[in-house]
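Sequences listed follow chains A and B, in order. Note that our numbering gives residue 171 to position 171 of the first sequence, counting from 1, and the numbers run on in steps of one. Note that our numbering gives residue 194 to position 194 of the second sequence, counting from 1, and the numbers run on in steps of one. Structure record follows, encoded as structure tokens.
Protein chains: 2
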Amino acid sequence: MQHSAPSFREFSDRFRSLETTLSRELFREHRDQMRVKKEETAAENLRRIIDATLRLANRKGFQSMSLRDLSAETGLSAGGLYAYIRSKDDLVRLIQRHGVALTLRSLEDAIAAADGPRDKLRAAIRAHLFLTETMQPWFYFSYMEAKNLPRRETREAIRSEVAVEELFTGIIRAGQARGVFRNGDPQLLAGMIKALLQDWYLKRWKHRQRNVSVECYADAVQNMVEHAVLVPPYDEAPAAAHNATCEEG
Amino acid sequence: MQHSAPSFREFSDRFRSLETTLSRELFREHRDQMRVKKEETAAENLRRIIDATLRLANRKGFQSMSLRDLSAETGLSAGGLYAYIRSKDDLVRLIQRHGVALTLRSLEDAIAAADGPRDKLRAAIRAHLFLTETMQPWFYFSYMEAKNLPRRETREAIRSEVAVEELFTGIIRAGQARGVFRNGDPQLLAGMIKALLQDWYLKRWKHRQRNVSVECYADAVQNMVEHAVLVPPYDEAPAAAHNATCEEG
DNA sequence: TTGTATCGAACGAACGTTCGCTATATGGTT
DNA sequence: AACCATATAGCGAACGTTCGTTCGATACAA
Chain A
1 MQHSAPSFRE FSDRFRSLET TLSRELFREH RDQMRVKKEE TAAENLRRII DATLRLANRK
61 GFQSMSLRDL SAETGLSAGG LYAYIRSKDD LVRLIQRHGV ALTLRSLEDA IAAADGPRDK
121 LRAAIRAHLF LTETMQPWFY FSYMEAKNLP RRETREAIRS EVAVEELFTG IIRAGQARGV
181 FRNGDPQLLA GMIKALLQDW YLKRWKHRQR NVSVECYADA VQNMVEHAVL VPPYDEAPAA
241 AHNATCEEG
Chain B
1 MQHSAPSFRE FSDRFRSLET TLSRELFREH RDQMRVKKEE TAAENLRRII DATLRLANRK
61 GFQSMSLRDL SAETGLSAGG LYAYIRSKDD LVRLIQRHGV ALTLRSLEDA IAAADGPRDK
121 LRAAIRAHLF LTETMQPWFY FSYMEAKNLP RRETREAIRS EVAVEELFTG IIRAGQARGV
181 FRNGDPQLLA GMIKALLQDW YLKRWKHRQR NVSVECYADA VQNMVEHAVL VPPYDEAPAA
241 AHNATCEEG
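Here you go:
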């Protein structure tokens, strides 16, 4: 059966449950590293700290963000912060871990739900864009601060990135094997697709300024990739279900 | 007349003269801000400082790089550095200024030398890749540290980025007007092309590890872009003049 | 009264930057 | 050629500031 491309709204709903699950997992993992016992206040403040860190670090860089800045942004005192984190490095570790699992899981689910290389490719593209849309601050942080991370986390970030790219490589290989996709180096193609996908969260300010929605960008990427990858003749992709104003002058 | 796509070697030769010219301009601009009078030693040490800064900052971030690190890397003492720069901020300004002019100039020259939208697009893609290949450390630095720059330089960096994108937008518009290029939002297309181009210097470690040369990547980008942008039927681009082993397994 | 969450002053380390000093090169005078 | 006077390149200890982090005091809840 042919799936129509999932919309951002549909993704958001499915995503919410996955996120709370993983968020709870993360909290339980780090419960023993916090000095705060009551779950309610602990969870709330931890989230506040993470959000504030992403906000500050994405504005001026993680190294430039002092714990006094973070203290002011969260409303907690300098000493109070240390009831939740062991150190500044621990904070960056905490944030990094939070997202890595989510990415792979989310992408793999989306791919598994689609049938055939073309639909799998579409699903992967959309899932990646929708995921990075919902967690843009995290992805931006993870990309920009990757080289400032502790050794272990840097490696993990790179491995995660490679894994995502290999998901695309696999889809392309399968499509080529079935004769649906044109020949060409699958690794190189996958890398270029990922470059297009990453641009969405790296230059989000630009896209927002131009009123380009995720759905709109997803269509554009899908179009470019399919033009490059499908064997001709290429039937133009059907307009997506959303009523975006993508291409008006 | 139909130009064959210029090779990286050809670009390098043309580039060298342009670089020494601008490098000298930069030096003369900052001569009055240095305490060192003799041109020979001043120029050599200034270059050493800039190179070391790019090396260190690209490894661990500009903020994390201390002037003591820089002192060790350059062989100059901490105090000695201040004969060449006014402050750490001044250093980042100096580096930033060095490259901005170069980018636009180089691209505009390449575009002007080509005839017709398709050749102009090819020329722009290749020029951008070749330029960022020769000055990869600078471009990486400029991208990663953009938000840590002083206010004025941040603006300048953004303006430069927008200007580059507009060069591509212009080419696409011209091609669409002539009926050579398929319809589609030119800004969105230009943005995606730029994403592909930036990936070259942002993920250079990956490409190097996979033995992908610039020429090879240039062909791949050109192919994908032309597939997406040309009106069909699309005649496959001729193999470039270089003897790269792009697609062997 | 006991336990917990939060505070803010305080500490040592590391940072950017300054400054008085030394070593070396330069150039005019004997 | 030998000498001194002067200017300059470079050094590294030291300064004040800011950083991450600690810790005893405090406020509040049970």
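Every residue, glycine too, gets a C-beta built ideally from N, C-alpha and C. A quick note: this is a predicted structure, and the numbers were derived from the prediction, not measured.
query, result
"Where are the alpha helix (DSSP H) runs, 4 residues long or more, that stay fully inside the segment 105–156 of chain A, in chain order?", "116–134 and 136–144"
"Tell me whether residue 10 of chain A is buried or exposed, calling it buried when 16 or more other Cβ atoms sit within 10 Å of its Cβ.", "exposed"
"If you measure between the beta carbons of residue 6 of chain A and residue 126 of chain A, is that distance less than 9 Å?", "yes"
"Indicate the three-state DSSP secondary structure (helix, strand or coil) for residue 62 of chain B in the structure shown.", "coil"
"If you reduce the DSSP assignment to three classes, tell me which class residue 230 of chain A lands in.", "strand"
"Give me, in chain order, the residues of the same chain whose beta-carbon lies closer than 8 Å to that of residue 36 of chain B; leave out the 5 immediate sequence neighbours on both sides.", "42, 45, 83 and 84"
"Taking Cβ to Cβ, would you say residue 63 of chain B is nearer than 9 Å to residue 64 of chain A?", "yes"
"Give the DSSP bridge partners of residue 181 of chain B, in chain order.", "B:230"
"Using DSSP with H/G/I as helix, E/B as strand and the rest coil, what is residue 217 of chain B?", "helix"
"What does a CB cutoff of less than 6 Å around residue 19 of chain A pick up in its chain, not counting 5 residues either side in sequence?", "none"
"Which residue comes first and which comes last in the alpha helix (DSSP H) that contains residue 206 of chain B?", "204–209"
"For residue 123 of chain A and residue 108 of chain A, I'd like the C-alpha separation in whole angstroms.", "10 Å"
"Does any residue of chain A bring its CB to less than 9 Å from the CB of residue 119 of chain B?", "no"
"State yes or no: is the C-beta of residue 191 of chain B within less than 9 Å of the C-beta of residue 165 of chain B?", "yes"
"Taking only the alpha-carbon atoms, compute the straight-line gap between residue 174 of chain A and residue 47 of chain A and give it to the nearest angstrom.", "41 Å"
"Is the CB of residue 163 of chain A under 9 Å away from at least one CB in chain B?", "no"
"Do the segment 53–63 of chain A and the segment 143–155 of chain B meet, that is, are 3 or more Cβ pairs less than 8 Å apart?", "yes"
"Of the choices A:171, A:136 and A:8, whose alpha-carbon is the least far from that of residue 115 of chain A?", "A:171"
"Would you call the segment 219–233 of chain A in contact with the segment 222–232 of chain B, where contact means no fewer than 3 C-beta pairs closer than 8 Å?", "yes"
"With DSSP run on the structure shown, which of helix, strand or coil describes residue 224 of chain B?", "helix"
"Does residue 77 of chain B come out as helix, strand or coil in the three-state DSSP assignment?", "coil"
"Please report the residue range of the alpha helix (DSSP H) in which residue 14 of chain A lies.", "8–30"
"Give every residue of the same chain whose Cβ lies closer than 6 Å to the Cβ of residue 138 of chain A, excluding the five residues on either side of it in the sequence, and list them in chain order.", "99"
"For a contact meaning CB atoms closer than 7 Å, what does residue 188 of chain B contact in chain A?", "212 and 220"
"Between residue 199 of chain B and residue 194 of chain A, is the Cβ-Cβ spacing less than 9 Å?", "yes"
"What did DSSP end up calling residue 244 of chain B once you bin it into helix, strand or coil?", "Model confidence at residue 244 of chain B stands at a pLDDT of 48, short of 50, so the residue's coordinates are unreliable; what they give is reported in the following sentence. DSSP places residue 244 of chain B in coil when its eight states are reduced to three."
"Does the beta carbon of residue 232 of chain A come closer than 9 Å to any beta carbon on chain B?", "yes"
"Just the C-alpha distance for residue 29 of chain B and residue 54 of chain A, rounded to the nearest angstrom, thanks.", "38 Å"
"Report the three-state DSSP secondary structure of residue 212 of chain B (helix, strand or coil).", "coil"
"DSSP three-state call for residue 50 of chain B: helix, strand or coil?", "helix"
"Taking all protein chains shown into account, decide if residue 241 of chain A is buried (16 or more other Cβ within 10 angstroms of its Cβ) or exposed.", "Bear in mind that a pLDDT of 49 at residue 241 of chain A, under 50, signals an unreliable position, so the number given afterwards is only what the model happens to contain. Exposed, by the Cβ-count rule."
"Mind listing the chain B neighbours of residue 196 of chain A? Cutoff is C-beta to C-beta under 8 Å, in chain order.", "192, 195 and 196"
"What in chain A is Cβ-close to residue 96 of chain B, meaning under 8 Å?", "The contacting residues do not exist; residue 96 of chain B stays about 16 Å from chain A at best."
"Does DSSP classify residue 91 of chain B as helix, strand or coil?", "helix"
"Compute the distance between the beta-carbons of residue 101 of chain B and residue 73 of chain B, then report whether it is under 9 Å.", "no"
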